[in-house]
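In this note's numbering, the protein residues as written are 1 to 155.
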């Protein structure tokens, strides 16, 4: 299941991947409150995320750790293998230090632990904004400075 929740003409495109429907709704609602130029697409699985990313490359991917068909770290690895170089944040309710350590060792840009308050989403969107700002100055030297097209994701 995938939904384009906002049509944010020219703003940043965020892909949120998570199996929990309520969290997908909350992410979309908070994005609308945060910045009306944000375009958020929510999907519920790795396969849906790969399809969405191949259709239109997001400026940032935010993924839950637990997904119906794997985990957020596995999604990151598959996107990375396909040449995806945009910021990737892991958003999880797991507090295990091992998950955060594995995420950073894998190359994930940031790890945000869910808290039982609405401030969690404010913090998440602060991290997204920071990642997008940081990414504007980066070049992918592995591809000769070019951002690669990721149409091969679902091949």
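Positions of the beta carbon are idealized from the N, C-alpha and C atoms, including for glycine.
C-alpha distance - residue i paired with residue j, whole-angstrom precision
| i | j | result |
| --- | --- | --- |
| residue 71 | residue 100 | 13 Å |
| residue 108 | residue 56 | 20 Å |
| residue 123 | residue 21 | 20 Å |
| residue 26 | residue 134 | 25 Å |
Endpoints, the alpha helix (DSSP H) within which residue i is located
| i | result |
| --- | --- |
| residue 75 | 72-81 |
| residue 56 | Counting along the chain, residue 56 falls outside any alpha helix (DSSP H), and DSSP gives it neither H nor E. |
Buried or exposed by the 16-neighbour rule on C-beta atoms within 10 Å, applied to residue i
| i | result |
| --- | --- |
| residue 127 | buried |
| residue 119 | exposed |
| residue 110 | buried |
| residue 86 | buried |
| residue 131 | buried |
| residue 95 | exposed |
| residue 28 | buried |
Collapsed DSSP secondary structure at residue i in the structure displayed
| i | result |
| --- | --- |
| residue 27 | helix |
| residue 12 | coil |
| residue 33 | helix |
Delimiting residues of the beta strand (DSSP E) encompassing residue i
| i | result |
| --- | --- |
| residue 99 | Premise fails: residue 99 lies in the alpha helix (DSSP H), 97-106, not in any beta strand (DSSP E). |
Meets three-Cβ-pair contact criterion under 8 Å: the stretch 96-105 and the stretch 26-40
They do not touch, by the three-pair rule.
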